[in-house]
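Remarks on the structure that follows.
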Amino acid sequence: MKTENLQSYIHTFIAAYGESALREAMQQYIDDRQLYICRAKSHIARIPIRDICYLEIEQHNITIHTTHEVYKKYGTLNQELKILSPFGFIKCNQSCVVSLNKIKIIQNNNIILVDNTVLNSSRTYAPKVLTAFNRKIYSGNFACSAGPK
Numbered sequence: 553m554k555t556e557n558l559q560s561y562i563h564t565f566i567a568a569y570g571e572s573a574l575r576e577a578m579q580q581y582i583d584d585r586q587l588y589i590c591r592a593k594s595h596i597a598r599i600p601i602r603d604i605c606y607l608e609i610e611q612h613n614i615t616i617h618t619t620h621e622v623y624k625k626y627g628t629l630n631q632e633l634k635i636l637s638p639f640g641f642i643k644c645n646q647s648c649v650v651s652l653n654k655i656k657i658i659q660n661n662n663i664i665l666v667d668n669t670v671l672n673s674s675r676t677y678a679p680k681v682l683t684a685f686n687r688k689i690y691s692g693n694f695a696c697s698a699g700p701k
């Protein structure tokens, strides 16, 4: 009985939203359970990737800003980007990687996050960030509403 109900629910969902929406929803479910492991000399932390807003580096000291806490570790930004880029992270300047999911507005070279943090995007990286953000918006991965009339 449960299988029949589930199949009916899936068919109804596909009829309403399409097969690609079901695939996106399943991928979002998988992505939401992914963890980032932050290893430092004195601690190790498991951080849900969906909670990471951005990472910044000064010399080799990386600061990981999440929706709840700030973590610190030693390393290179390029190493962290290799881990996080499959989850929608992109370099916005030489010392910062940002989650596309946490961007609210891109205005000139400023990236405004959903928590109103403002990051600067350098001239080198700004076009790449804008293109990736547009692709994310128009792929249907964001809920959008119409602008003012």
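First residue of the sequence shown: 553, per this note's numbering; consecutive thereafter.
Note that beta-carbon positions come from the ideal geometry of N, C-alpha and C, so glycine has one too.
Taking DSSP's pairing of strands, which residues face Val666 in a bridge?
None, per the DSSP bridge assignment.
For Arg675, name the three-state secondary structure that DSSP assigns.
DSSP, read as helix, strand or coil, puts Arg675 in coil.
What does Tyr588 pair with, by DSSP beta-bridge criteria?
Ile599
Check Gln631 in the structure and name its three-state DSSP category.
helix
Can you name the residues that DSSP bridges to Cys644?
Looking at the DSSP assignment, Cys644 forms no beta bridge with any residue, so it has no partner.
Taking the alpha-carbon positions, what's the Gln586 to Gln659 distance?
30 Å
With DSSP run on the structure shown, which of helix, strand or coil describes Ser594?
coil
Using DSSP with H/G/I as helix, E/B as strand and the rest coil, what is Thr555?
helix
Can you name the start and end residues of the beta strand (DSSP E) that Tyr606 belongs to?
Ile604 to Glu610
Going by C-alpha to C-alpha distance, which of Asn661, Lys624, Thr669 and Val666 sits closest to Lys680?
The shortest C-alpha to C-alpha distance from Lys680 to any of Asn661, Lys624, Thr669 and Val666 is the one to Asn661.
Indicate whether the contact test is met: 3 or more Cβ pairs, each with one atom in the stretch 628 to 637 and one in the stretch 573 to 580, closer than 8 Å.
no
Residues in its own chain within less than 6 Å of Asp603 by CB, not counting five upstream and five downstream?
For Asp603, same chain residues with a beta-carbon under 6 Å away, outside a window of 5 residues either side, are Thr618 and Thr619 in chain order.
Closest Cβ-Cβ distance between Asp667 and chain E: below 7 Å?
No chain E is part of this structure, which consists of one protein chain only.
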